[in-house]
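Undergrad: The numbers in the working numbering rise by one with no breaks, and the one at position 300 of the sequence shown is 300.
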Amino acid sequence: MSDAKLYPPTPEFAAGAHADADRYREMYAASIADPEAFWAEEAKRLDWITAPTKIKNVSFAHPDVSIKWFEDGVLNVCANCVDRHVESRGDQVAIIWEGDEPGTQKEITYIQLHEHVSRFANVLKGLGVTKGDRVTIYLPMIPEAAYAMLACARIGAVHSVVFAGFSPDALASRINDCGSSVVITADEARRGGRTVPLKANVDAALPHALGVEKVLVVEHTGAQVDMAATRDVWWHEAAAGVDDFCDPEPMSAEDPLFILYTSGSTGTPKGVLHSTGGYLLYAAMTQQYTFDYHDGDIFWCGADVGWVTGHSYILYGPLANGATTLMFEGVPTYPDASRFWRICEKYKVNQFYTAPTAIRALMGAGNQYVEGHDLSSLKVLGTVGEPINPEAWNWYNEQIGKGKTPIVDTWWQTETGGHLLTPLPGATATKPGSATLPFFGVEPVILDPTSGQEITGNPAEGVLCLKDSWPGQMRTVWGDHKRFVKTYFSDYKGYYFSGDGCRRDEDGYYWITGRVDDVINVSGHRMGTAEVESALVAHPKVSEAAVVGYPHAVKGQGIYCYVTLMAGQEPTEELRKELRDWVRKEIGPIASPDLIQWAPGLPKTRSGKIMRRILRKIAEDDFGALGDTSTLAEPAVVDDLIANRMNKG
Ligand code: WTA
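(1) Applying the criterion that 16 or more other CB atoms from any shown protein chain within 10 Å of the CB defines a buried residue, is E98 buried or exposed?
(2) Between G558 and E71, what straight-line distance do the alpha-carbon atoms span, to the nearest angstrom?
(3) Specify whether the stretch 436-452 and the stretch 518-527 touch according to this definition: at least 3 beta carbon pairs, one from each stretch, less than 8 Å apart.
(4) Distance check for L579 and A4, CA to CA, integer angstroms please.
(5) When you compare the CB positions of W610 and L626, do they come within less than 8 Å of one another, or not?
(6) What does DSSP give as the partner residue(s) for E454 in the beta ladder?
(7) What does the alpha-carbon distance come out to for the pair A636 and A546?
(8) Hey, is I407 close to the ligand WTA, as in C-beta under 7 Å from one of its heavy atoms?
(9) Would you mind reading off the limits of the alpha helix (DSSP H) that contains P459?
(10) Thinking C-alpha only, which one of L273, C465, G306 is nearest T476?
(11) Could you tell me the alpha carbon to alpha carbon distance between W511 and K555, rounded to whole angstroms?
(12) Specify, as a first and last residue, the run of the beta strand (DSSP E) that T109 falls within.
(13) Start and end of the alpha helix (DSSP H) containing E12?
(14) For G401 and N394, I'd like the C-alpha separation in whole angstroms.
(15) Would you call the stretch 574-589 and the stretch 379-386 touching, i.e. three or more CB-CB distances under 8 Å?
(16) Would the beta-carbon of N389 be found less than 7 Å away from any heavy atom of the ligand WTA?
(17) Spatial neighbours of H114 within its chain, please: C-beta separation below 7 Å, excluding the five flanking residues on both sides.
(18) Count the other CB atoms, across all protein chains shown, that sit within 10 Å of the CB of P438; report buried if there are 16 or more and exposed otherwise.
(19) Buried or exposed: S263, going by 16 or more other Cβ atoms within 10 Å of its Cβ?
(20) State buried or exposed for T529, treating a residue as buried only when at least 16 other CB atoms are found within 10 Å of its CB.
(21) Within the same chain, show all residues whose beta-carbon is closer than 8 Å to that of E36, passing over the 5 residues directly before and after it, in chain order.
(22) Under the criterion of a Cβ to heavy atom distance below 7 Å, does I559 qualify as lining the ligand WTA?
(23) Could you tell me which whole beta strand (DSSP E) segments of length 3 or greater appear in the stretch 114-160?
(24) Starting from the N-terminal side, write out each stretch of the alpha helix (DSSP H) that is 4 residues or longer and does not extend beyond the stretch 272-356.
(25) For chain B, check one thing: does any of its Cβ atoms lie closer than 8 Å to the Cβ of N521?
(26) In this structure, what does DSSP give as the bridge partners for P438?
(27) With DSSP run on the structure shown, which of helix, strand or coil describes Y510?
(28) When you compare each of A567, W582, R515 to Y550 by their alpha carbons, which one comes out closest?
(29) Buried or exposed, going by whether 16 or more other CB atoms sit within 10 Å of the CB of Q368?
(30) Would you mind giving the Cβ-Cβ distance between A186 and V218, rounded to the nearest angstrom? I have them listed as a contact below 8 Å.
(31) Where do the ends of the beta strand (DSSP E) carrying C561 lie?
(32) L150 and C246 - do their beta-carbons sit closer together than 8 Å?
(33) Out of G193, I108, V202, C178, which one is the CA nearest neighbour of V139?
(34) Roughly how many angstroms lie between the CA atoms of A205 and P168, to the nearest whole one?
(35) At a cut-off of 7 Å, is A157 close to the ligand WTA when judged by its beta-carbon and the heavy atoms of the ligand?
(36) My output table needs one value for M646: the three-state DSSP class, helix, strand or coil.
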């Protein structure tokens, strides 16, 4: 695919960009040749209480893996995202909020943000939250979510945002894992004209999360909710009684900023821990360069703050840069599939960032939803979350970008804090479907999965690893450093292992080929197949389950479940629906099984290990590639599974 069509930046764009091709090459070379000097200089983009003198202290090869950046520096993230802009741009809008219902909106200036966040911080202090405490945030996409996160950062508390689409059980396990005693929620969330009972979900979670002492409740829809007398506190009542000034807490650069749970191959979701100094610096720098963000631009990242994309590119990156960031409560298809383009037109959005799954859904809805909307303000378009297929890329380019707006396909992960592979819009000629080249300071390598050796030269194909650290890298798994080392640093010694397969073409461009582990990517949401399996086997009628991904035209991957029922259970359509609802209840609607196949038996090795490779191939209708099935305990189960496979429609 090295011969894929190239889309070079126009000379006009390159001339006005933060980096053109020469500048990218120079800066990249400098960042690799002398990371200490490069990052010492970049650190100046933040306001430090004590500037760092120790820049990088990293060992990927050490058995305990230690990652430290700017370790003797002292700063406060909230002061960097809010206070320092109050004087220079206090009346500039910091956050534009567009509600789920068209016509509901708010604009919050930096001066107002400072006041809201300070009050929020004082309310948290009043609830007994102090530096180092964990606070769980389970909020819809409303400005209070930003206030709550920044307020935690202000007082040195560690926030753990749980996506508001997760179920009470999923919420409870995340609260317990990090030991939060305070939960922040709202009466209800609004999404696509419907409401989600967030406070009721918290009430259902708390009997399973006994450490929670206080629940702070934001009034959003005004719905009637139960308030427990000594435990639950209305945000608006508490806020009225506190001062609107709160000193930001001086924090070490290596103090934790937040925990964000993400799925892996095995076990329960991991608490990915990000740092104060390195994370903020990396989020800010990537927001500026990747999107070629300039002062005065209106920046819109369409993610949810419940995911890392929302953390880095709705909140921390843009606000550290003094940007105007847009926060959208709703969904792309409500009231209809023109909503994104109406919002772009309404606020004259300059940079727009979304996921391929949304692009495919809107492409499928038809061009009539785009036509008639003035999208001329758009300067850069971005995508994230999964490989973008050329058809969707072309539609985005032609219909939304009108053939003249650079597209940045950004590859990164919850663990990486910010973009690792991405074009820079003034510097990089793009190829549809390729995340192109590394960001400054990033050293990608492709390893042979069997030998673990680096494959030098092009083209190359194997697993994607990183040779050295970058400031935005996660520091540990909350409460389980051994798991951190085992997950990311033990398969390939001395490297950070991403879990992704990758190809590098003749031009040195990187093409992500998808996960090589048991993680699937459904509508841009990352999910562990093991989590869905354990939800299924928790159902009393299920004896065994195996879950794999399969190609899905809109979602990227769909969830395909093989289910073995308990003896005597009838495989009926009602039971299929029951299992689907069960998984939604156990995890959340994003984990809804797409297809459930009744499997009287699963292909297992003689030692009892499920051969997932075979199940994946059957789900993909790829029977020619089943490989050797003779080592199976009962080879005949494979024929049965093939004969009864589900129709993809
Ligand atoms: C996938 C989201 C191809 C990849 C920021 C990665 C991508 C996982 C891309 C991380 C991209 C993300 N092209 N694949 N541009 N971006 N991925 O933690 O498999 O939710 O490992 O972070 O998404 O998902 P996560």
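Glycine is no exception: its CB is placed at the ideal position from the N, C-alpha and C atoms.
TA: Once the coordinates are examined:
(1) buried
(2) 43 Å
(3) no
(4) 44 Å
(5) The sequence shown places Ile at residue 610, rather than the Trp named in the question. Contact flag unset, no.
(6) L447
(7) 17 Å
(8) no
(9) It is not in any alpha helix (DSSP H) - P459 carries neither H nor E in the DSSP assignment.
(10) L273
(11) 19 Å
(12) 105-109
(13) 11-16
(14) 10 Å
(15) no
(16) no
(17) V82, D83, V86
(18) buried
(19) buried
(20) buried
(21) I55, K56
(22) no
(23) 134-138
(24) 277-290, 317-320, 339-347
(25) No chain B is part of this structure, which consists of one protein chain only.
(26) L421
(27) strand
(28) R515
(29) exposed
(30) 4 Å
(31) 556-565
(32) no
(33) According to the sequence displayed, residue 139 carries Leu and not Val. If we check each option's Cα against that of L139, V202 comes out closest.
(34) 5 Å
(35) no
(36) coil
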